[in-house]
């Protein structure tokens, strides 16, 4: 089947994502459209964070989070992802206190939803934030808990990262 929308590489990710957020070509129910808008906003935020543009990331996150919240239960996973990305954005801006709050919120939301991967990612961010704040005991606790979860899930990248973070905490 031919795709409804073809994104050409010359436009680049930011332009393509912006087009997806602003277009009204979505098909399906209003709830599905809101979830798609939320996912587009979060994808744009990830792109901007990777590009080092935290202000644009925050704007995209706000749009994505608003759409996810409006979608209700259908947008719950996007709301959890937005909390995690808000933590990462605050960390990128050097706002450690807020980063800890959002990462902790994302971890609690993921645990309550039974989202093990989300809990692992949020716990890893939380451990990093505590480490950067100088709260080494708490960073070690978060890293050790995440390390066990990463090993159980076969998430090798997270396991290696948390193992190194845990070792760094022990030998400071």
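In the working numbering, the protein residues as written are 32 to 203.
Glycine included, each C-beta is placed from N, C-alpha and C at the ideal position.
Given the structure is predicted, the values throughout are model-derived calculations rather than measurements.
- Rounded to whole angstroms, the separation of the alpha carbons of residue 95 and residue 71 is 7 Å.
- Between residue 118 and residue 137, the C-beta gap is smaller than 7 Å, which places the two residues in contact.
- Here residue 80 is buried, its C-beta having at least 16 other C-beta atoms within 10 Å.
- Cβ neighbours of residue 160 within its own chain (closer than 7 Å, five residues either side excluded): 122, 127, 130, 131 and 134.
- Each residue's CA atom was taken as its position, placing residue 83 and residue 74 some 14 Å apart.
- Annotated three-state conformation of residue 186 is coil, per DSSP.
- For residue 98, the enclosing alpha helix (DSSP H) begins and ends at 85-101.
- Around residue 182, the same chain offers 190 as residues with beta carbons nearer than 8 Å, after the five sequence neighbours per side are excluded.
- Under the DSSP assignment, residue 162 falls in the alpha helix (DSSP H) whose first and last residues are 147-164.
- The beta carbon of residue 180 sits closer than 6 Å to those of 151, all from its chain and outside the five residues before and after it, given in chain order.
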